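In what follows, a single structure is set out as structure tokens and then discussed.
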Amino acid sequence: MRVVIADDEADVVAFLKSIVEELGHIAVSFADGNKLSQALMRETFDLVILDWNIPGKDGIDLLKWMQASLPEHPPVIMMTNRSAKKDISDALNAGADDYITKPEDRSVVAARINAMLRRNAGAGAFDAEAVYGKYHLNRLDQTVTLHGETITMTAKEFELADLFFRNADRTLSRNYIMETIWRTNAVLATRTLDMHISRVRAKLDLQPENGFRIFTVFGYGYRLETITTSN
Numbered sequence: 001m002r003v004v005i006a007d008d009e010a011d012v013v014a015f016l017k018s019i020v021e022e023l024g025h026i027a028v029s030f031a032d033g034n035k036l037s038q039a040l041m042r043e044t045f046d047l048v049i050l051d052w053n054i055p056g057k058d059g060i061d062l063l064k065w066m067q068a069s070l071p072e073h074p075p076v077i078m079m080t081n082r083s084a085k086k087d088i089s090d091a092l093n094a095g096a097d098d099y100i101t102k103p104e105d106r107s108v109v110a111a112r113i114n115a116m117l118r119r120n121a122g123a124g125a126f127d128a129e130a131v132y133g134k135y136h137l138n139r140l141d142q143t144v145t146l147h148g149e150t151i152t153m154t155a156k157e158f159e160l161a162d163l164f165f166r167n168a169d170r171t172l173s174r175n176y177i178m179e180t181i182w183r184t185n186a187v188l189a190t191r192t193l194d195m196h197i198s199r200v201r202a203k204l205d206l207q208p209e210n211g212f213r214i215f216t217v218f219g220y221g222y223r224l225e226t227i228t229t230s231n
């Protein structure tokens, strides 16, 4: 998962980055609120850890902007040295999902990050097996079963399919997909991504009669849409 660290203090960024990476996620840092808002318009992230006093748009301004401007926005943990009751209530009322007062113990910060990511990952996202409509995913064997038949997939094809199902009806940017699956930048491997998308679409027979389709969002990325058919 991709986690934003929005703070202009280098030691705080290093502290949070080490936690995020130890948890197995990708950390992306911003020291300016305006640059973060620009990135949120064109990129997909799973969590934002936000300082109140970040330059440019400050934390509260960013929270209000996200609520007003982004149709899909990641959860936010406000992490700041402000500890007044009013500051906490103001941040939560502006859209923050959690609030951590600096400094905080490493284990507590890690636990709060994990809790927020799990809460927003969706039901079954971390289970060994999961069912999405007609599709049965076995994450241990990396197999997908449809209509009782097991579909042969490569490791990357399965990871990509799993990513889409876990994020059904959520638009994923090309960079997000590339960094999550291949740990690289989309610009360097555009054809690789497009080829794998095509293979997953064909192998899983992703079409309305099976309940899902992969939709291309021009200039941004892809979305696996849930298709509801009426009798």
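Per our numbering, the very first residue in the sequence shown carries number 1; after that it's consecutive.
Glycine residues also receive a C-beta, built at the ideal position from the N, C-alpha and C atoms.
The structure displayed is predicted, hence computed values, not measured ones.
Taking the Cα of residue 73 as reference, the smallest distance to any Cα among 146, 64, 79 and 18 is reached at 64.
Following the DSSP letters along the chain, one finds residue 191 inside the alpha helix (DSSP H) bounded by residues 190-203. With fewer than 16 other beta carbons inside 10 angstroms of its own, residue 147 counts as exposed.
By the neighbour-count criterion, in which 16 or more other beta carbons inside 10 Å mark a residue as buried, residue 44 falls on the buried side. Annotation for residue 22: the continuous alpha helix (DSSP H) segment containing it runs 10-22. Your pair residue 79 and residue 60 does not check out as a contact, with CB atoms roughly 14 Å apart and the cut at 8 Å. Counted as a single uninterrupted DSSP element, the alpha helix (DSSP H) harbouring residue 37 occupies residues 33-42. Within the same chain, and ignoring the five residues on either side of residue 168 in sequence, the residues whose Cβ sits closer than 6 Å to its Cβ are 224 and 226. If you draw a straight line from the Cα of residue 108 to the Cα of residue 101, it comes to about 11 Å. Scanning the stretch 112-168 from its first residue to its last, the whole alpha helix (DSSP H) runs of 4-plus residues come out as 155-166.
Annotated as proximal: residue 173 and residue 42, with beta-carbon spacing under 8 Å.
Proximity of the stretch 24-38 to the stretch 84-98 falls short of the contact definition, fewer than three beta-carbon pairs being nearer than 8 Å. Cβ-Cβ distances below 6 Å link residue 145 to 136 in the same chain, with the five nearest sequence neighbours on each side left out; the list follows chain order. Under the DSSP assignment, residue 206 falls outside any alpha helix (DSSP H); it carries neither an H nor an E label. Between the alpha carbons of residue 32 and residue 46 lies a distance of about 19 Å. Under the DSSP definition of a beta bridge, residue 214 partners with 224. Excluding five sequence positions before and after residue 126, the CB atoms of its chain that fall closer than 8 Å to its own CB belong to 118, given in chain order. Assignment of alpha helix (DSSP H) within the stretch 25-110, counting only whole runs of 4 or more residues, yields 33-42, 59-69 and 85-94 in chain order. Straight-line measurement puts the Cα of residue 104 at about 16 Å from the Cα of residue 84.
As DSSP reads the structure, residue 2 sits in a beta bridge with 26. The beta carbon of residue 57 sits closer than 8 Å to those of 33, 34, 36, 37 and 65, all from its chain and outside the five residues before and after it, given in chain order.
Cβ neighbours of residue 156 within its own chain (closer than 8 Å, five residues either side excluded): 181, 182 and 196. For the pair residue 27 and residue 17, the CB atoms are nearer than the 8 Å cut-off.
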